[in-house]
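Taking it in order: structure first as structure tokens, then the write-up.
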Amino acid sequence: MTDKILEKEQQLVQLLEQTFKNCTGKVVRERRVSVSVEKELIPSVLSYAKSQLGYIHLSHMSCVDWIEKNKFEIIYILWSPADKVQLFVKTMVNRENAEIDNIDMIWKQANTYEREIREMYGIQFNGLVGAQEFILEDWEDMPPMRRDFDTIEFVDDNFTFRKGREDAGNVREEIIKRSGEEIPDFAKKYSRD
Amino acid sequence: MINDKNSRKIADIIQDFSRKHSLFMLAYGTGCGAIEIPPTTTSRYDAERFGIRGMATPRQADVLLITGYLATKTLKRVIRAYEQMQDPKYVIGFGSCTINGGMYWDSYNTVKILSDYIPVDVYINGCMPRPEAVITGFIELQNLIKEGKANGAEQYKENLEWYRENQRKVIKNWKMPDYNW
Numbered sequence: 463m464t465d466k467i468l469e470k471e472q473q474l475v476q477l478l479e480q481t482f483k484n485c486t487g488k489v490v491r492e493r494r495v496s497v498s499v500e501k502e503l504i505p506s507v508l509s510y511a512k513s514q515l516g517y518i519h520l521s522h523m524s525c526v527d528w529i530e531k532n533k534f535e536i537i538y539i540l541w542s543p544a545d546k547v548q549l550f551v552k553t554m555v556n557r558e559n560a561e562i563d564n565i566d567m568i569w570k571q572a573n574t575y576e577r578e579i580r581e582m583y584g585i586q587f588n589g590l591v592g593a594q595e596f597i598l599e600d601w602e603d604m605p606p607m608r609r610d611f612d613t614i615e616f617v618d619d620n621f622t623f624r625k626g627r628e629d630a631g632n633v634r635e636e637i638i639k640r641s642g643e644e645i646p647d648f649a650k651k652y653s654r655d
Numbered sequence: 623m624i625n626d627k628n629s630r631k632i633a634d635i636i637q638d639f640s641r642k643h644s645l646f647m648l649a650y651g652t653g654c655g656a657i658e659i660p661p662t663t664t665s666r667y668d669a670e671r672f673g674i675r676g677m678a679t680p681r682q683a684d685v686l687l688i689t690g691y692l693a694t695k696t697l698k699r700v701i702r703a704y705e706q707m708q709d710p711k712y713v714i715g716f717g718s719c720t721i722n723g724g725m726y727w728d729s730y731n732t733v734k735i736l737s738d739y740i741p742v743d744v745y746i747n748g749c750m751p752r753p754e755a756v757i758t759g760f761i762e763l764q765n766l767i768k769e770g771k772a773n774g775a776e777q778y779k780e781n782l783e784w785y786r787e788n789q790r791k792v793i794k795n796w797k798m799p800d801y802n803w
């Protein structure tokens, strides 16, 4: 029963794996397919999906910072209104001297998403035309969405808080005392102390 | 008693009575709290019975509402708008972001204490304050005007160097005109 429902998605994965080399795909659930390729093949995969397979809408483009693997991951989210299936195309880019090709000519809205990623993560897009400043004004530090940018240190250096509210301190500890549960380690970093 | 400078003369009392009953606020929503302004001024929680209505330009307005968080990019524009307003002028800070940073206390881009950069008369707490709380804030401002204590504008003129020093620390590219009162 489930095989019949996921037929379209599995056909899509097989087609993409046969057409491009080093391409691994996976059916996440009904109506969602995820495919990983290398960064040199991105313009060909995207224009193939747009012209031959019917994925004519670019919904979003985003970026994840994998600091443990020393790479950035760029994700393109495509949608096909005819088949009603969402396609995620993912690539990995090196963290030092990060660069990738610009796909402005395939979809015009990619210009805005690429300018935001360039400002917030520092990835260079070859051939991208657009003003350097987009959201931040007169920003001289490192790109702020990277995981090695310490916001709390930056705030302590540049801004001050009101005196007399130090007792407002750590809300999480108060909640733990009352309910008796443990906070995990990754959340401890964000307390005010 | 008549020659004492600190006593409230009859002219002051009449002047403050007429000022407090017609506060025109500048139609400029600086942050997320601007979504509470339309309910306050429309017919359910009517603010116009207190004499409060919106006005188009800084030169014609009395009250500047800083509704919520203030990014450093907006701060530059708000300072220009505030300096173009004519006396008497008042500033009201909405929400907990103007008091001590609020929800964005650890953000690299917002300003934490508002009264270091612009003189504030009344704070209204909440995230966002309900229309009843907004009207209570305006009534608080009216009481301050009646007692003669709403002196934000004069404080700004006297301590201009201190305010400018704080502003320049946060705004790097200072291309602002020099106002000469």
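These protein sequence lines map, in sequence, to chains W and Y. Add 462 to the 1-based position in the first sequence for my numbering, that's all there is to it. Add 622 to the 1-based position in the second sequence for my numbering, that's all there is to it. Glycine included, each C-beta is placed from N, C-alpha and C at the ideal position.
Considering only the alpha carbon of each residue, which of the options lies closest to residue i?
{"i": "D563 of chain W", "options": "W:R577, W:E530, W:I504 and W:V591", "result": "W:I504"}
{"i": "T664 of chain Y", "options": "Y:R641, Y:M750, Y:I757 and Y:S718", "result": "Y:I757"}
{"i": "G655 of chain Y", "options": "Y:P680, Y:G724 and Y:I740", "result": "Y:G724"}
{"i": "D738 of chain Y", "options": "W:F621, W:K533, W:E635 and W:K552", "result": "W:F621"}
{"i": "G717 of chain Y", "options": "Y:K695, Y:L687 and Y:D709", "result": "Y:L687"}
{"i": "F672 of chain Y", "options": "Y:I761, Y:G690 and Y:I714", "result": "Y:I761"}
{"i": "T696 of chain Y", "options": "Y:E658, Y:A683 and Y:L736", "result": "Y:L736"}
{"i": "E558 of chain W", "options": "W:I539, W:W528 and W:E578", "result": "W:W528"}
{"i": "C485 of chain W", "options": "W:Q476, W:V499, W:M567 and W:F550", "result": "W:V499"}
{"i": "R624 of chain W", "options": "Y:G759, Y:W727 and Y:V744", "result": "Y:W727"}
{"i": "K489 of chain W", "options": "W:Q472, W:T481 and W:M567", "result": "According to the sequence provided, residue 489 of chain W is Val. The question's Lys does not apply to it. Closest by alpha carbon: W:Q472."}
{"i": "V685 of chain Y", "options": "Y:P751, Y:R630, Y:A649 and Y:Y730", "result": "Y:A649"}
{"i": "K546 of chain W", "options": "W:V555, W:Y517 and W:F611", "result": "W:Y517"}
{"i": "T689 of chain Y", "options": "Y:C719, Y:F646 and Y:R699", "result": "Y:C719"}
{"i": "G651 of chain Y", "options": "Y:K631, Y:I636, Y:Y691 and Y:R681", "result": "Y:Y691"}
{"i": "Q514 of chain W", "options": "W:L477, W:I539 and W:E502", "result": "W:L477"}
{"i": "L645 of chain Y", "options": "Y:N781, Y:W796 and Y:G759", "result": "Y:G759"}
{"i": "S542 of chain W", "options": "W:F482, W:T574 and W:A511", "result": "W:A511"}
{"i": "V742 of chain Y", "options": "Y:I721, Y:E780, Y:A683 and Y:M798", "result": "Y:I721"}
{"i": "Y583 of chain W", "options": "W:E599, W:S524 and W:Q548", "result": "W:S524"}
Given that residue i touches chain Y, what residues does it touch there, using C-beta distances under 7 Å?
{"i": "R624 of chain W", "result": "N722 and I735"}
{"i": "P606 of chain W", "result": "Y730"}
{"i": "F482 of chain W", "result": "By Cβ distance, chain Y contributes nothing, its closest Cβ being about 40 Å from F482 of chain W, past 7 Å."}
I want to verify the contact list: residues of chain Y whose CB lies under 8 Å from the CB of residue i, in sequence order.
{"i": "V617 of chain W", "result": "W727, D728, S729, Y730 and K734"}
Could you tell me which chain W residues have their CB closer than 7 Å to the CB of residue i, listed as they occur along the chain?
{"i": "N795 of chain Y", "result": "D600"}
So with CB distances below 8 Å, who are the chain W contacts of residue i?
{"i": "K695 of chain Y", "result": "L598 and E599"}
Residues of chain Y with CB under 9 Å from residue i, in chain order?
{"i": "I614 of chain W", "result": "D728"}
*Every unbroken beta strand (DSSP E) within the stretch 697-757 of chain Y, with a cutoff of 3 residues, ordered by chain*: Taking only runs of at least 3 residues, the beta strand (DSSP E) segments lying wholly in the stretch 697-757 of chain Y are 712-716 and 744-746.
*With a floor of 3 residues, list each beta strand (DSSP E) that falls wholly inside the stretch 467-533 of chain W, ordered by position along the chain.*
If you keep only unbroken beta strand (DSSP E) runs of at least 3 residues inside the stretch 467-533 of chain W, you get 486-491, 494-498 and 519-528.
*Pair every Cβ in the stretch 666-674 of chain Y with every Cβ in the stretch 697-713 of chain Y, then say whether three or more of these pairs are closer than 8 Å.*
no
*Considering only residues of the stretch 627-704 of chain Y, which uninterrupted alpha helix (DSSP H) runs meet the minimum length of 4 residues and lie entirely inside it, listed in chain order?*
Positions of the alpha helix (DSSP H) runs, each at least 4 residues long and wholly inside the stretch 627-704 of chain Y, are given as 632-642 and 659-663 in order along the chain.
_chain Y contacts made by the stretch 581-598 of chain W, where a contact means CB separation under 9 Å_ = I597 and L598
*asked:* When you compare the stretch 588-606 of chain W with the stretch 532-549 of chain W, are there three or more beta-carbon pairs, one atom per stretch, that lie closer than 8 Å?
replied: At 8 Å Cβ cutoff, the stretches do not touch.
*Whole beta strand (DSSP E) runs in the stretch 530-582 of chain W with 3 or more residues, listed along the chain?*
533-542, 547-556 and 561-563
*Along the stretch 518-549 of chain W, what residues have a CB closer than 9 Å to any CB found in chain Y?*
none
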